[in-house]
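Contents: one structure, followed by commentary.
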Amino acid sequence: MSMMMLDWSRRAACQTMDPELFFPITLEGPGREQVERAKEVCRGCPVRQPCLDYAIDTRQMNGVWGGTDPSQRRSLTPMVPLRPETVPVPPLPGDR
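Its first residue numbered 251, the sequence shown is counted upward by one per residue in this note's numbering.
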């Protein structure tokens, strides 16, 4: 955990709450209600924006961060092009 994260996270509204509230097992049914309760905590949080920035920068795929759920964060996350070394190379003629 970086020092910068520790600075803002110490002031987070969720600091003394059960972390499980922010990481529901599912986003459907009762999990949806849990997400809404977690977002309500975030609405009054003094460090909501740094929390959201951290979640986007580190690509947090699960949980409620900065008042957002995973699908909301995906829509906020810029698309990063693949690095050349990760793009599949087609086989050369004769290679199998």
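In this text, a Cβ means the ideal position worked out from N, Cα and C, and glycines have one as well.
Since this is a predicted model, take the numbers as computed values, not measurements.
Sequence-distant residues of the same chain with beta carbon closer than 7 Å to residue i, five excluded per side
i	result
Leu271	Gln284, Arg287 and Ala288
Met267	Val291
In DSSP terms, what residue i is bridged to
i	result
Thr318	Trp315
Rounded C-alpha distance that separates residue i from residue j
i	j	result
Gly323	Leu302	The sequence as given places Arg at residue 323; Gly does not occur at that position. Distance between the alpha carbons of Arg323 and Leu302: 8 Å.
Ser259	Leu326	21 Å
Ser321	Ile306	12 Å
Thr276	Pro343	47 Å
Pro328	Tyr304	14 Å
Contact set for residue i: own chain, Cβ-Cβ below 6 Å, skip 5 residues either direction
i	result
Pro269	none
Arg261	Pro296 and Val297
* Asked: If we count Cβ pairs, one from each stretch, closer than 8 Å, do we get three or more for the stretch 289 to 300 versus the stretch 311 to 319?
  -> yes
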